[in-house]
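Engineer: In case it helps, numbering that gives the first Met the number 0 puts the sequence shown at residues 0 to 87. The C-beta atom is built at its ideal place from N, Cα and C for all residues, glycine as well.
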Amino acid sequence: MLKEAIVVAVALSWAAASGAADVAAGKVAAQAKCVECHEADDWEGESAASLEALIADIVAGKVKHKKKIELSSAEIANIAAYWGQGGK
Numbered sequence: 000m001l002k003e004a005i006v007v008a009v010a011l012s013w014a015a016a017s018g019a020a021d022v023a024a025g026k027v028a029a030q031a032k033c034v035e036c037h038e039a040d041d042w043e044g045e046s047a048a049s050l051e052a053l054i055a056d057i058v059a060g061k062v063k064h065k066k067k068i069e070l071s072s073a074e075i076a077n078i079a080a081y082w083g084q085g086g087k
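(1) So for Asp21, helix, strand or coil by DSSP?
(2) According to DSSP, is Gln84 helix, strand or coil?
(3) By a C-beta neighbour count over all protein chains shown, 10 Å radius and 16 as the cutoff for buried, is Ala16 buried or exposed?
(4) Thinking Gly86 and Asp40 are a contact (beta carbons under 8 angstroms), I'd like their distance in whole angstroms, please.
(5) From Glu35 to Ala20, what distance separates their C-alpha atoms?
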């Protein structure tokens, strides 16, 4: 029974990690889709969570933006993670 609990715990931790945002992919996406108007240091002091919510609202049309942008939920999370780390 202990062995089964360990297997489940490892599987759950792997599943959580696999859903984590990818900072490197966020850098690529930000440079491809956002760098025209935004730099990573524009968001200094903002958390990845607040940036993710803001970007999602922009994509959904809830927040005004200079131009319409289309990003997947993974791209939103990745860009937010990249910017949330100060572009590092």
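Structural biologist: Working from what's here:
(1) coil
(2) coil
(3) At Ala16, the pLDDT of 43 sits below 50, so the modelled position is not reliable; the number obtained from the coordinates is stated separately. It is exposed - the Cβ of Ala16 has fewer than 16 other Cβ atoms within 10 Å.
(4) 6 angstroms
(5) 23 angstroms
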